[in-house]
Ligand code: C5P
């Protein structure tokens, strides 16, 4: 089977990550969660009390920013590391969700993470999800998908995910966070979230998880 790049972009909480992961598994591809990299950068800035609004802090933060992914052999789950620290659970907390889009507006931070993402996808055979994968990271990706879902559906799904990790958050708080991230991500100057002309749009509001995965796998098989 040929190796291609599959770019999955879309709004916050559409199920991009879990869908992309399952698509990669089905095709025997590598899954790369670009959002996890922005989230890890956020933990780094928060932990070191660095402000993304201060250019000196950004420069300092980028010098020591080291994000990587490692497979946990016990759970068979790919986990995100910041230096030697496993931050997989921390990056999914509301503390990080509330700060990440601000971090992601900074040009220098994007430049560094986009370069890392391009290196990770160089050999193809990857499924990468994010906001600018089809537009900036891999504009030549063989398959581009743009996922959407209505806000209510997305918030309910995210609330369930957080609950499974032991964090109880009110639906309204989650809705506000998703809407605010969508607003910042879509209106920022640097690589704003948008559907590119050659992306296939999939509205997952009324699709099952299996349906979402099967649709993308089918599209991929038509290209491979
Ligand atoms: O995908 P996830 O929701 O984990 O991403 C968290 C945040 O990281 C997004 O809301 C967005 O601000 C930023 N992001 C980005 N570009 C990407 C991936 C994520 O700006 N490629």
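Numbering (my numbering), first residue to last: -3 to 220.
Where is the CB? At the ideal position from N, CA and C, for every residue including glycine.
Give a yes or no on whether the C-beta atoms belonging to residue i and residue j are separated by under 8 Å.
i	j	result
residue 8	residue 177	yes
residue 173	residue 94	yes
residue 194	residue 140	yes
residue 24	residue 41	no
residue 112	residue 124	no
residue 147	residue 171	yes
residue 71	residue 32	no
residue 19	residue 209	yes
residue 36	residue 67	no
residue 205	residue 14	yes
Return the chain-ordered list of same chain residues with a C-beta closer than 7 Å to the C-beta of residue i, the five sequence neighbours on each side being excluded.
i	result
residue 6	12, 142, 143, 144
residue 38	92, 95, 96, 99
residue 130	3, 5, 137, 140, 192, 195
residue 34	96, 99, 100, 109
residue 165	90, 155, 158
residue 132	110, 187
Cα-Cα, which of the options is closest to residue i?
i	options	result
residue 220	42, 122, 206	122
residue 186	154, 73, 127, 213	127
residue 88	180, 155, 20	155
residue 50	80, 15, 104, 164	104
residue 181	207, 107, 102	102
residue 197	212, -2, 183	212
residue 107	149, 79, 150, 55	55
residue 59	69, 68, 46, 10	46
residue 236	150, 163, 214, 74	Residue 236 is absent from the structure shown; the chain starts at -3 and stops at 220.
residue 74	48, 214, 163, 21	21
residue 81	69, 43, 48	43
Between which residues of its own chain and residue i is the CB-CB distance below 8 Å, once the five residues before and five after are set aside?
i	result
residue 152	167
residue 0	120, 121, 137, 138, 139, 216, 219, 220
residue 169	90
residue 175	147
Among residues of its own chain, excluding the 5 on either side of residue i, which ones have a beta-carbon nearer than 6 Å to its beta-carbon?
i	result
residue 17	27
Answer yes if the region 115 to 133 comes into contact with the region 24 to 41, meaning at least three C-beta pairs across the two stretches below 8 Å, and no otherwise.
yes
Cβ contact (3+ pairs, closer than 8 Å) linking the region 153 to 160 and the region 55 to 74:
no
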